[in-house]
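Here's the structure, in structure tokens; my notes come after.
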Amino acid sequence: MKRSNLIIPFGLAIVAMAVSLMLGRYGAYLAHVVAIAAIGAMSLNLLNGWCGQINFAQAALLGVGAYAAGNFGNAGWDLFSLPAAGIASALAAVLIGLPALRLRGLYFAIATLAAQFIFEYLFKFAEPITHGVSGLLIQPMKLFGRVIDTDQGYSVLAIFLLLLTWLFMTWIRRTDLGRAFLVVRENEVVARGMGINVPQTKMWAFLISGFFAGIAGALMGFTARLAHPEAFGMALSVDYIAMIIVGGLGSLTGSLLGAAFVTLLPEVIQRFGEAFHIADQLSALREMAFGLLIILFLIFEPRGLSAIFRRLDVRRLVARFRPHSTNPVRDQTENQPKWRSVE
Amino acid sequence: MTFYLQLAVAGIAVGSVYALIAIGIVLIYKCSGVVNFAQGAFVMLGAYFTFALTRLGLVPVAAVAVAMLAMALVGMLTERLILRPMMKAPIVAIMAVTLGILILTRAVCLAIWGPDQIAFPKLFPDGAVNIFDVFITYNYLAAALLSVCLSLAFLAFYQFTSIGLKQRCAADNTRAALAIGIHTGNQNSLAWSMSAALAGLGGTLLATLNGLSLGLSDIGLVAFPVIVLGGLTSLSGAVVAGLLLGILQAFTDGVLTPLFETFLRTYTRIYSAGALQQVVPYLILVFVLLVRPQGIFGRRGTERL
Numbered sequence: 010m011k012r013s014n015l016i017i018p019f020g021l022a023i024v025a026m027a028v029s030l031m032l033g034r035y036g037a038y039l040a041h042v043v044a045i046a047a048i049g050a051m052s053l054n055l056l057n058g059w060c061g062q063i064n065f066a067q068a069a070l071l072g073v074g075a076y077a078a079g080n081f082g083n084a085g086w087d088l089f090s091l092p093a094a095g096i097a098s099a100l101a102a103v104l105i106g107l108p109a110l111r112l113r114g115l116y117f118a119i120a121t122l123a124a125q126f127i128f129e130y131l132f133k134f135a136e137p138i139t140h141g142v143s144g145l146l147i148q149p150m151k152l153f154g155r156v157i158d159t160d161q162g163y164s165v166l167a168i169f170l171l172l173l174t175w176l177f178m179t180w181i182r183r184t185d186l187g188r189a190f191l192v193v194r195e196n197e198v199v200a201r202g203m204g205i206n207v208p209q210t211k212m213w214a215f216l217i218s219g220f221f222a223g224i225a226g227a228l229m230g231f232t233a234r235l236a237h238p239e240a241f242g243m244a245l246s247v248d249y250i251a252m253i254i255v256g257g258l259g260s261l262t263g264s265l266l267g268a269a270f271v272t273l274l275p276e277v278i279q280r281f282g283e284a285f286h287i288a289d290q291l292s293a294l295r296e297m298a299f300g301l302l303i304i305l306f307l308i309f310e311p312r313g314l315s316a317i318f319r320r321l322d323v324r325r326l327v328a329r330f331r332p333h334s335t336n337p338v339r340d341q342t343e344n345q346p347k348w349r350s351v352e
Numbered sequence: 003m004t005f006y007l008q009l010a011v012a013g014i015a016v017g018s019v020y021a022l023i024a025i026g027i028v029l030i031y032k033c034s035g036v037v038n039f040a041q042g043a044f045v046m047l048g049a050y051f052t053f054a055l056t057r058l059g060l061v062p063v064a065a066v067a068v069a070m071l072a073m074a075l076v077g078m079l080t081e082r083l084i085l086r087p088m089m090k091a092p093i094v095a096i097m098a099v100t101l102g103i104l105i106l107t108r109a110v111c112l113a114i115w116g117p118d119q120i121a122f123p124k125l126f127p128d129g130a131v132n133i134f135d136v137f138i139t140y141n142y143l144a145a146a147l148l149s150v151c152l153s154l155a156f157l158a159f160y161q162f163t164s165i166g167l168k169q170r171c172a173a174d175n176t177r178a179a180l181a182i183g184i185h186t187g188n189q190n191s192l193a194w195s196m197s198a199a200l201a202g203l204g205g206t207l208l209a210t211l212n213g214l215s216l217g218l219s220d221i222g223l224v225a226f227p228v229i230v231l232g233g234l235t236s237l238s239g240a241v242v243a244g245l246l247l248g249i250l251q252a253f254t255d256g257v258l259t260p261l262f263e264t265f266l267r268t269y270t271r272i273y274s275a276g277a278l279q280q281v282v283p284y285l286i287l288v289f290v291l292l293v294r295p296q297g298i299f300g301r302r303g304t305e306r307l
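Residue numbers (the numbering used here), protein chains in the order written: chain U, 10 to 352; chain E, 3 to 307.
Below you can see the structure in the form of structure tokens.
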């Protein structure tokens, strides 16, 4: 792994933690909401952006994570409830992914849509585990004997986990498995010809994606102190798909930017609405802006925020100030056809 | 026995409206290869248009007709302005953009008409016919008859007229259609406008049955099990599957749910089976996809490994 791949995320994470500690409650709240969404978006990006499997059941996976974390956390597992939730979600993801062994593209996407609705029903139905429509109350997490119940505490935890996720994703992208994902996305026949075990590769994608979705879901549960079936509906799945598309399919920076964009947009509109005294139309306005932005992004900048980010050329700016810059980083996106996921 | 007949009648009525909406989705998919999640938005918008037009003082028949025309325009604009620039986009992007249309339309309706359920103007007289002790309200009767007739009429139009022939050409093989001088872009627009008009009518009929609210747009997602069951490319399959699904939902609601709840109360600590009739179609969808992905009437495609 290149050194810059380690330094940049670490630096960003430390700065983000420090800033979120200084910002006060609301800022810290925004920080952990964005960080958690980014973990979930990166998980979906691995599955959809890299391995090419469309998943409309991301909200269901997040929900499984939240319910698992709630149950394990209330039983006193504390920090271990996070990986436990991850494993529970990974198993659920493999279950959702099983039809992918027989179906492709659109048909598989519809199968995941079905999975989303079935899980949503199960959240309401399995009362002994989920407490049905009233939702499962979750006690705050204890870390090394100290209760985490402030937004600042959660923002540091979430940003730390986001950092781990980012590093893991960068690493897995460079392994044989990560390359196999891309080949499976591009052409399954070619993948088989290259000696890639396609079903196994797909299952790994679901397993890993599910694990991180579970972590994100667990954090959602702990920060909200409640796992509620309504919170993990189809609308949340759409949010996550919007995140990775608005950010840029297949790009980790894109997932982060997309997550920030989609989660902060309602907050911005809230402020805007308060400023102009149109509070009663706020929810309509929020949805309108969200829908319109998805449409406009897909028509005019299908490669997403990450492409815009690249055009700003941050890396070349950095390279100019570095003393031993050997080769300036070329803009790789300029000559690509419009509908091509980068990376 | 009467009870079951009653359920079947209600199921057929709702199912025929499903069929009408599913035809629209299949039509769009056949012609432009787009899976239209926004069909639910068209359904809802059509109902709201009819409502608004009757408010303006139009007689019901005229209101429904004008609303259908308006929906045709909406469908065409959607195709021209949003889908056409995205012709070569990956499938997830197209799905996402139709979801975006759904969200946007819902928000616009929310802003204009508010979140509450609205009493829909009476299109059909009150009362019911009594056939062998089975009561069918005029609402249900009209909805079923209208949608079945329209579905059949549309199938005939698609099969026997020259425009229908052009439509089938464009859907079957775009290049060949272009080569023999069919403007496939226009055919796409036509498919979208027809499908939006049908969806709008379906929405109006559903609103006469269940009242008018934003919840109507959820029907677009219920229609997906229908089209998969019938086969994504089969118009007549959509009709049959729509009827089947309507009946199935009615029986789940009336027979299966009480049975299941009794079972649960006897053997477990769970007291409610919840909205079982909303999940059963999806369970069947998964089953059908795994056993016969091309659907009951669909042609064997390449989507299977």
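Glycine residues also receive a C-beta, built at the ideal position from the N, C-alpha and C atoms.
Thinking residue i and residue j are a contact (beta carbons under 8 Å), I'd like their distance in whole angstroms, please.
i                      : j                      : result
residue 205 of chain U : residue 181 of chain U : The Cβ separation is near 15 Å, so there is no contact.
residue 76 of chain E  : residue 47 of chain E  : 7 Å
residue 353 of chain U : residue 145 of chain U : With chain U running from 10 to 352 in the structure shown, residue 353 of chain U is simply not present.
residue 45 of chain E  : residue 201 of chain E : 5 Å
residue 204 of chain E : residue 23 of chain E  : 4 Å
residue 22 of chain U  : residue 172 of chain U : 4 Å
residue 102 of chain U : residue 215 of chain U : 4 Å
Apply the 10 Å Cβ neighbour rule to residue i and answer buried if 16 or more other Cβ atoms are within range, or exposed otherwise.
i                      : result
residue 168 of chain E : buried
residue 296 of chain U : buried
residue 283 of chain U : exposed
residue 128 of chain E : exposed
residue 67 of chain U  : buried
residue 32 of chain E  : buried
residue 159 of chain U : exposed
residue 227 of chain E : buried
residue 143 of chain U : exposed
residue 119 of chain E : exposed
residue 306 of chain E : Since pLDDT at residue 306 of chain E reaches only 38, below the 50 mark, its modelled position is unreliable, and no value is offered.
residue 135 of chain E : exposed
residue 329 of chain E : No answer is possible for residue 329 of chain E: it lies beyond the span of chain E, which begins at 3 and ends at 307.
Provide the residue span of the alpha helix (DSSP H) that contains residue i, from first to last.
i                      : result
residue 108 of chain E : 93–115
residue 29 of chain E  : 4–34
residue 69 of chain E  : 62–80
residue 205 of chain U : Looking at the DSSP string, residue 205 of chain U is not in any alpha helix (DSSP H), and its letter there is neither H nor E.
residue 177 of chain E : 176–181
residue 88 of chain E  : From DSSP, residue 88 of chain E is part of no alpha helix (DSSP H); its letter is neither H nor E.
residue 290 of chain E : 278–293
residue 216 of chain E : First-last for residue 216 of chain E: undefined, no H or E at that position.
residue 312 of chain U : That residue, residue 312 of chain U, is in no alpha helix (DSSP H); it is neither H nor E in DSSP.
residue 121 of chain U : 114–134
residue 234 of chain E : Looking at the DSSP string, residue 234 of chain E is not in any alpha helix (DSSP H), and its letter there is neither H nor E.
residue 45 of chain E  : 41–57
How would you write the range of the beta strand (DSSP E) that residue i sits in, first residue to last?
i                      : result
residue 257 of chain E : Taken as a continuous stretch (DSSP letters only), residue 257 of chain E belongs to no beta strand (DSSP E), as it is neither H nor E.
residue 152 of chain U : 150–152
residue 63 of chain U  : Element bounds for residue 63 of chain U: n/a, residue is neither H nor E.
residue 37 of chain E  : Unbroken run through residue 37 of chain E: none, as it is neither H nor E.
residue 165 of chain U : Segment 160–183 is the alpha helix (DSSP H) holding residue 165 of chain U; no beta strand (DSSP E) there.
residue 354 of chain U : Nothing can be reported for residue 354 of chain U, as the shown portion of chain U is limited to 10 through 352.
Please go through the same chain and pick out, in chain order, the residues whose beta-carbon is closer than 7 Å to the beta-carbon of residue i, but skip the five residues on each side of it.
i                      : result
residue 310 of chain U : 316, 317
residue 112 of chain E : 216
residue 117 of chain U : 62, 63, 108, 109
residue 93 of chain U  : 77, 81, 86
Apart from the five residues just before and just after residue i, which ones in its own chain have a Cβ nearer than 6 Å to its Cβ?
i                      : result
residue 110 of chain U : 208
residue 220 of chain U : 95, 99
residue 30 of chain U  : 161
residue 256 of chain E : 9
residue 15 of chain E  : 142, 145, 146
Within a Cβ cutoff of 8 Å, which residues of the same chain sit near residue i, ignoring the five residues on either side of it in sequence?
i                      : result
residue 186 of chain U : 210, 213
residue 291 of chain U : 278, 279, 282
**Q.** Ordered list of beta strand (DSSP E) runs contained in the segment 115–147 of chain E, each at least 3 residues
**A.** If only uninterrupted beta strand (DSSP E) runs of at least 3 residues are considered, those enclosed by the segment 115–147 of chain E are 130–133, 136–139.
Q.
In chain order, what are the residue ranges of uninterrupted beta strand (DSSP E) at least 3 long that sit wholly in the segment 146–172 of chain E?
A. Counting only runs of 3 or more, we get nothing.
Q: Could I get the ranges of all uninterrupted alpha helix (DSSP H) runs contained in the segment 213–284 of chain U, with 4 residues as the minimum, in chain order?
A: Counting only runs of 4 or more, we get 243–256.
Q: Give, in chain order, every unbroken run of the alpha helix (DSSP H) that is at least 4 residues long and sits entirely within the segment 20–86 of chain U.
A: List check, alpha helix (DSSP H) in window: 34–53, 67–83.
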